[in-house]
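Asks: Handing you a structure now.
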Amino acid sequence: MSTPSARRQETRTRLLDAAVEVFAEEGLQGASVEAVCARAGFTRGAFYSNFSSKEQLFLALLEREFERRAEDLAEKARELEPGLRERSGCISPAEAARYIVEFFAPASDATAWFVLEAEFLLLAMRDPSIAPGHHEFMDRFYASIAGVVERVIAAAGRRFVIPVERAMPVLSGVYERALRTAALAGPEASGAFDELGDRLAELLFALTEEVDPAEVDPAGDPVDSPGPDFVPPPGLRLI
């Protein structure tokens, strides 16, 4: 028999799962608590025992989906790193583009992911009290995947020529554009992520340099010292 806490968690999970669909279809403004409850198969009482408002549900959903995205990227990195390290010779832009598509392509339909991000931005623009949280939220997401991206770059025999914290917002801008294109084109269109690979490969080759084999430790990562011209990274900021 499930415990009350287990049942409560199951209810919360089902409400969040339903909210992904409802928010993607209706947007934050158009969605209603009733629609989420109907999709999840619960009453309003079940909803309000877990969330105080539609907005709190939305922010909890964002937290979960961003955590899942970071976990997906970390798992893909673990899968890609051995193959990258076993390669011989320098990686070419065309090869890098193929790896990038595999690494960044969402595990599910890009539409829901992009709509959630767009709705979050609109919410922050409409509500000044939310705006600082938006900046902090995105900064935390960039920080959570920066190390993962840096490890994959290192496995490919390259390293960033600027602090990775500065590179992440630049790379994410191209990534967001590809997500938007994919969301508009539909899940059957693959061209958006081909473009993502090509554009991010160009950016990565501009933002990184080849690593001398002598500067790579036995694990395949560049040594910590980035050279005399290194400038300590400033605080994270969203651009």
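Heads up, the sequence shown is in this note's numbering, so the first residue is 848 and it goes up one at a time.
Glycine is no exception: its CB is placed at the ideal position from the N, C-alpha and C atoms.
Fair warning: this is a prediction, and the values are worked out from it, not measured in the lab.
1. Looking at the unbroken beta strand (DSSP E) that takes in PHE1007, where does it start and where does it end?
2. Going by C-alpha distance, which of LEU862, PHE967, VAL962 is nearest LEU1031?
3. Determine the burial state of ALA972: buried for a count of at least 16 other Cβ atoms within 10 Å of its Cβ, exposed for fewer.
4. Considering only residues of the segment 907-946, which uninterrupted beta strand (DSSP E) runs meet the minimum length of 3 residues and lie entirely inside it, listed in chain order?
5. Ignore the nearest five residues each way along the sequence and tell me which others in GLU949's own chain have a CB closer than 8 Å to its CB.
6. What would DSSP say about GLY1074, mapped onto helix, strand or coil?
7. Using CA atoms only, rank isn't needed, just tell me which of ARG987, LEU1050, ARG1005, LEU1054 is closest to ARG916.
8. Bridge partners for GLU1057 per DSSP, in chain order?
9. From the DSSP output, in three-state form, read off ALA878 for me.
10. Can you give the Cα-Cα distance for PRO1065 and LEU1018, rounded to whole angstroms?
11. In three-state terms, what does DSSP make of THR890?
12. Starting from the C-beta of ASP1041, find all residues in its chain whose C-beta is less than 6 Å away, skip the five residues before and the five after it, and write them out in chain order.
13. Please determine, among PRO929, ARG925, THR858, the residue with the shortest C-alpha to C-alpha distance to GLY1093.
14. Excluding the five sequence neighbours on either side, which residues of its own chain have a C-beta within less than 6 Å of the C-beta of PHE870, listed in chain order?
15. Quick check on the burial criterion: 16 or more other C-beta atoms within 10 angstroms. Buried or exposed for ALA1053?
16. Taking buried to mean at least 16 other C-beta atoms within 10 Å of its own C-beta, is GLU964 buried or exposed?
Replies: Let me lay it out:
1. 1005-1007
2. VAL962
3. In the sequence as presented, Ala is not what sits at residue 972; that position holds Met. Burial call: exposed.
4. none
5. LYS923, LEU927
6. With a pLDDT of only 34 at GLY1074, under 50, the local geometry of the prediction cannot be trusted, and the value read off the model is given with reservation. Reduced to three states, the DSSP call for GLY1074 is coil.
7. ARG987
8. In DSSP, GLU1057 forms a bridge with ARG1005.
9. coil
10. Residue placement at PRO1065 cannot be trusted, given a pLDDT of 49 that sits under 50; what the coordinates show is reported in the next sentence. In this structure, the straight-line span from the alpha carbon of PRO1065 to that of LEU1018 is close to 28 Å.
11. Reduced to three states, the DSSP call for THR890 is coil.
12. none
13. The structure shown does not extend to residue 1093, since the chain is modelled only from 848 through 1086, so no value can be given for it.
14. ALA878
15. exposed
16. buried
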